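*Asks:* Residue numbers (the numbering used here): 756 to 1149. In this text, a Cβ means the ideal position worked out from N, Cα and C, and glycines have one as well. Since the model is a prediction, treat every value here as computed from it, not as a measurement. First the structure, which I've put down as structure tokens, then a few questions once you've had a look.
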């Protein structure tokens, strides 16, 4: 298989990472936000690295007229800057919360034994919402999605498009208007140490705000959940110590200008053997908006997503790098001169320390882009320039 889709799995010796289990509607200790009475869903899994679902330049929100109704969209450009309400210091977490909370929703999925809860980000004023694929995947073959808004409204929703490779999905809330789209910024403007804020519905507690810093950038993270049957995803993640827990899946990670810079998707924990560790231990991961926003645009318009593809299968190399196990005939790598047995060590200026790092690096680019690949063959370093191909998912 191509590296961009499913590299050969190996034991990396890293902290386990998988998708955060969806939150069951019942939580001991008090009421959560409103939901259909007495609905109960089982907890899906213990969190390992579970899907949980920076400055940026602002721009005026795109507006398109559908019939007689004006629809505000956050898909095309980073939206408006935050207005200081006068009740919170400018640039404070408090101000960010006031500005962004109306654009964050709770997503409740009822699908037999596979239901649960997550979060989402409002994309358009008429109800397009970005969330994680693993939040809504159980409703793809039947089931019901209910969206709960910050102002207390709720609506049924349907899936517009899903992308398992990036763990993203776009859903559409029915018969709603006047929603406030989130503002999207450039994740490429983030810096390690920068303050960020995570917003969502951890453990069903809607409207929860936590803050921390960007701990690392370009962190290759493989997530999966064998119990849910959702395929593995490799993301080129933003790592943060902002508290992210089950139920945060699909919610935004924002900077202090109120711009969404990531979609919270996964957390690391100490695993089942650690006993009580099943929530945040300060290792959260978000899908960068530079990757998420183009995918959201594609899902919203066509229901499908297209990814860059190098056309190789790889596994971790001894001593670092990604060993090419197979080259797709006629694919980008083949045309660039890569061969079985080559060890890829860099993509552009980015060091490749394993198979997942190569997957993440390739997916951070778009089809048609040219990349310089550094590799070792027979003990000698060399470079090749590849024009990335395309892979479509739905």
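I need the DSSP call for residue 898, collapsed to helix, strand or coil.
*Replies:* Start at 1 with the first residue of the chain shown, and residue 898 comes out as number 143. Three-state result, residue 898: coil.
*Asks:* Counting only the same chain and skipping the five closest in sequence on each side, list residues whose C-beta sits under 8 Å from that of residue 1086.
*Replies:* Along the chain shown, read from residue 1 onward, the residue named residue 1086 stands at position 331. The answer, listed in chain order, is 757, 1064, 1065, 1066, 1067, 1144.
*Asks:* For residue 855, name the three-state secondary structure that DSSP assigns.
*Replies:* In the chain shown, residue 855 corresponds to position 100, counting from 1. Helix at residue 855.
*Asks:* Hey, residue 916 and residue 865: beta-carbon distance below 9 Å or not?
*Replies:* Counted from its first residue, the chain shown places residue 916 at position 161. Counted from its first residue, the chain shown places residue 865 at position 110. No, the Cβ-Cβ distance between residue 916 and residue 865 is not below 9 Å.
*Asks:* Give the list of continuous beta strand (DSSP E) stretches no shorter than 3 residues that lie fully inside the stretch 897-946.
*Replies:* 899-903, 909-918, 923-928
*Asks:* What residue range does the alpha helix (DSSP H) around residue 1146 cover?
*Replies:* Here residue 1146 refers to the residue found at position 391 when the chain shown is read from its first residue. Annotation: residue 1146 is outside any alpha helix (DSSP H); the continuous beta strand (DSSP E) that includes it extends over 1144-1148.
*Asks:* Please say whether residue 953 and residue 995 have beta carbons closer to each other than 9 Å?
*Replies:* Numbered from its first residue, the chain shown carries residue 995 at position 240. Numbered from its first residue, the chain shown carries residue 953 at position 198. For residue 995 and residue 953, yes; Cβs fall inside 9 Å.
*Asks:* Touch check for the stretch 846-856 and the stretch 886-897: three-plus C-beta pairs under 8 Å?
*Replies:* Contact fails: fewer than three Cβ-Cβ distances are below 8 Å.
*Asks:* Thinking C-beta only, is residue 856 closer than 9 Å to residue 964?
*Replies:* In the chain shown, residue 964 corresponds to position 209, counting from 1. In the chain shown, residue 856 corresponds to position 101, counting from 1. Going by C-beta atoms, residue 964 is nearer than 9 Å to residue 856.
*Asks:* Which one of 935, 973, 914, 1053 has the shortest CA to CA distance from residue 1156?
*Replies:* Here the chain has residues from 756 to 1149 only, and residue 1156 is not among them.
*Asks:* What is the DSSP secondary structure of residue 844, reduced to helix, strand or coil?
*Replies:* Working through the chain shown from its first residue, we reach residue 844 at position 89. If DSSP states are grouped into helix, strand and coil, residue 844 belongs with coil.
*Asks:* Buried or exposed for residue 1150, going by 16 or more other Cβ atoms inside 10 Å?
*Replies:* The requested residue 1150 does not occur in the structure, where the chain is confined to residues 756 to 1149.
*Asks:* Which stretch, first to last residue, makes up the alpha helix (DSSP H) that contains residue 1046?
*Replies:* Position 291 of the chain shown holds residue 1046. Membership of residue 1046 in the alpha helix (DSSP H) is indicated by the continuous run 1044-1057.
*Asks:* Measuring straight from C-alpha to C-alpha, what distance separates residue 1140 and residue 1046?
*Replies:* Against the chain shown, residue 1140 aligns to sequence position 385. Against the chain shown, residue 1046 aligns to sequence position 291. So the two alpha carbons sit approximately 22 Å from each other.
*Asks:* Check for me: the alpha helix (DSSP H) holding residue 889 runs from which residue to which?
*Replies:* Stepping through the chain shown from its first residue, residue 889 is reached at position 134. That run of the alpha helix (DSSP H) goes 888-891.
*Asks:* Counting only beta-carbon atoms, is residue 1084 nearer than 9 Å to chain B?
*Replies:* Of the protein chains in this structure there is only one, and it is not chain B.
*Asks:* Pairs of beta-carbons, one from the stretch 873-889 and one from the stretch 1003-1018, closer than 8 Å: are there three or more?
*Replies:* yes
*Asks:* Could you check where the alpha helix (DSSP H) with residue 1118 kicks off and where it finishes?
*Replies:* For this step, residue 1118 is matched to residue 363 along the chain shown. From DSSP, the alpha helix (DSSP H) with residue 1118 extends over 1110-1118.
*Asks:* Can you name, in chain order, every residue of its own chain whose Cβ lies under 8 Å from the Cβ of residue 1094, other than the five neighbours on each side?
*Replies:* In the chain shown, counting from the first residue as 1, residue 1094 sits at position 339. Correct list, in chain order: 1079, 1082, 1132.
*Asks:* In three-state DSSP terms, what is residue 1001?
*Replies:* On the chain shown, residue 1001 is found 246 positions in, with the first residue counted as 1. Note: residue 1001 maps to coil in three-state DSSP.
*Asks:* So which of 924, 1099, 860 has the shortest CA-CA distance to residue 733?
*Replies:* Here the chain has residues from 756 to 1149 only, and residue 733 is not among them.
*Asks:* Secondary structure at residue 1136, three-state DSSP: helix, strand or coil?
*Replies:* To locate residue 1136, count along the chain shown from 1; it is residue 381. Strand.
*Asks:* From 1113, 888, 1015, 933, pick the residue whose C-alpha is nearest to that of residue 951; which is it?
*Replies:* On the chain shown, residue 951 is found 196 positions in, with the first residue counted as 1. Checking every option, the nearest Cα to that of residue 951 belongs to 1015.
*Asks:* Where do the ends of the alpha helix (DSSP H) carrying residue 1089 lie?
*Replies:* Sequence index remark: in the chain shown, residue 1089 carries index 334 (1-based). Its alpha helix (DSSP H) spans residues 1087-1091.
*Asks:* Suppose contacts are defined by Cβ-Cβ distances below 9 Å. Is residue 920 in contact with residue 887 by that definition?
*Replies:* Within the chain shown, the letter at position 165 stands for residue 920. Within the chain shown, the letter at position 132 stands for residue 887. Against a cut-off of 9 Å, the Cβ pair of residue 887 and residue 920 comes out as no contact.
*Asks:* Return the CA-CA distance between residue 1012 and residue 1062, expressed in angstroms with no decimal places.
*Replies:* Counting from 1 along the chain shown, the entry for residue 1012 is found at position 257. Counting from 1 along the chain shown, the entry for residue 1062 is found at position 307. Distance between the alpha carbons of residue 1012 and residue 1062: 30 Å.
*Asks:* Rounded to the nearest angstrom, what separates residue 1056 and residue 877 at their Cα positions?
*Replies:* Taking the first residue of the chain shown as position 1, residue 1056 is located at position 301. Taking the first residue of the chain shown as position 1, residue 877 is located at position 122. Residue 1056 and residue 877: Cα-Cα distance of roughly 16 Å.
*Asks:* Please look up how many angstroms separate the CB atoms of residue 904 and residue 1044, rounded, as I've assumed it's under 8 Å.
*Replies:* Position 149 of the chain shown, counted from the first residue, corresponds to residue 904. Position 289 of the chain shown, counted from the first residue, corresponds to residue 1044. Their Cβ separation, rounded to whole angstroms, is 22 Å, which puts residue 904 and residue 1044 out of contact at 8 Å.
*Asks:* Assign residue 882 to buried or exposed, taking buried as 16 or more other Cβ atoms, counted over all protein chains shown, within 10 Å of its Cβ.
*Replies:* In the chain shown, counting from the first residue as 1, residue 882 sits at position 127. Buried is the call here.
*Asks:* In whole angstroms, give me the CA-to-CA distance for residue 1110 and residue 1071.
*Replies:* Looking up residue 1110 in the chain shown gives position 355. Looking up residue 1071 in the chain shown gives position 316. Roughly 5 Å between the two C-alpha positions.
*Asks:* Find the nearest neighbour of residue 708 within the set 971, 879, 925, 1098, judged by alpha-carbon distance.
*Replies:* This structure leaves residue 708 out entirely; the chain is present only between 756 and 1149.
*Asks:* May I ask you to report which of helix, strand or coil DSSP gives residue 1064?
*Replies:* For this step, residue 1064 is matched to residue 309 along the chain shown. If DSSP states are grouped into helix, strand and coil, residue 1064 belongs with the strands.
*Asks:* Check whether the Cβ atoms of residue 1001 and residue 1038 sit closer than 9 Å, and answer yes or no.
*Replies:* Indexing the chain shown from 1 puts residue 1001 at position 246. Indexing the chain shown from 1 puts residue 1038 at position 283. Against a cut-off of 9 Å, the Cβ pair of residue 1038 and residue 1001 comes out as no contact.
*Asks:* Have a look at 933, 1010, 978 and flag the residue whose alpha-carbon is nearest the alpha-carbon of residue 723.
*Replies:* With the chain covering only 756 through 1149, there is no way to say anything about residue 723.
*Asks:* What would DSSP say about residue 967, mapped onto helix, strand or coil?
*Replies:* To locate residue 967, count along the chain shown from 1; it is residue 212. Looking at residue 967 - three-state DSSP - the assignment turns out to be strand.
*Asks:* With DSSP as the reference, identify every bridge partner of residue 1081, one or two as the case may be.
*Replies:* Taking the chain shown and counting its residues from 1, the one referred to as residue 1081 is at position 326. When DSSP reads this structure, residue 1081 sits in a beta bridge with 1068.
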